[in-house]
Amino acid sequence: MAYDVRLVKLVTGELALGKYTEEGLSDVAILQVVPTQQGGVQMMMLPYGYPFEEEFKGKIEARHFLYMYEKLPEGLEGKYLEACTNLTLTGMKGMTLQGTQPMGGGIITN
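Residue numbers (the working numbering): 1167 to 1276.
Given below as structure tokens:
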């Protein structure tokens, strides 16, 4: 099942990320900007209910959205889905509709 993952700014000013429906977001994460020692910033993704909830659960109604971003920053959707499911997402390198293609190695015989 494909999810419509959206990034929104809430009326509180927080950046929230989750699975979108017309009613709002579910399995909500919060994005926090963390300054680095080099003068840049990093993004940190946490469950919205952290530190009291350590899983990506909960819902936020759409009436609390101030702004919905058109596009997600590159790689953010994959990181979010990995965090929600505890699965690592990889590309389908070598996969075709007919099955897998050899990716190197020697000849296999019986």
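By construction, the Cβ of each residue, glycine as well, lies at the ideal position given by its N, Cα and C atoms. Given the structure is predicted, the values throughout are model-derived calculations rather than measurements.
To the nearest angstrom, how far is it from the Cα of residue i to the Cα of residue j?
i       : j       : result
Cys1250 : Leu1212 : 10 Å
Leu1176 : Gln1204 : 29 Å
Lys1225 : Leu1238 : 19 Å
Gly1241 : Val1207 : 16 Å
Asn1281 : Tyr1214 : Here the chain comprises residues numbered 1167 to 1276, so residue 1281 is not present and cannot be evaluated.
Glu1189 : Leu1247 : 20 Å
Asp1170 : Glu1243 : 9 Å
Ile1274 : Thr1202 : Note that Ile1274 has pLDDT 49, beneath the 50 cutoff, so the model's placement of it is unreliable and the number below is only indicative. One C-alpha to the other measures close to 50 Å.
According to the neighbour-count rule (16 or more other Cβ atoms, all chains shown, within 10 Å of its Cβ), is residue i buried or exposed?
i       : result
Phe1222 : buried
Ala1168 : exposed
Tyr1235 : exposed
Met1269 : Bear in mind that the predicted position of Met1269 carries a pLDDT of just 47, short of 50, making it unreliable; the figure below should be weighed with that in mind. So Met1269 counts as exposed.
Could you check which residue in the options has the C-alpha nearest to that of residue i?
i       : options                               : result
Arg1229 : Leu1191, Val1200, Pro1239 and Asp1170 : Leu1191
Lys1185 : Val1200, Val1194 and Met1210          : Val1194
Lys1245 : Glu1220, Glu1227, Gly1224 and Leu1197 : Leu1197
Met1210 : Ala1182, Asp1170 and Thr1187          : Ala1182
Take residue i and list the residues in its own chain whose beta-carbon comes closer than 7 Å to its own, dropping the five residues that flank it on each side.
i       : result
Leu1232 : Lys1175, Leu1176 and Val1177
Val1200 : Val1207, Gln1208 and Met1210
Thr1254 : Glu1248
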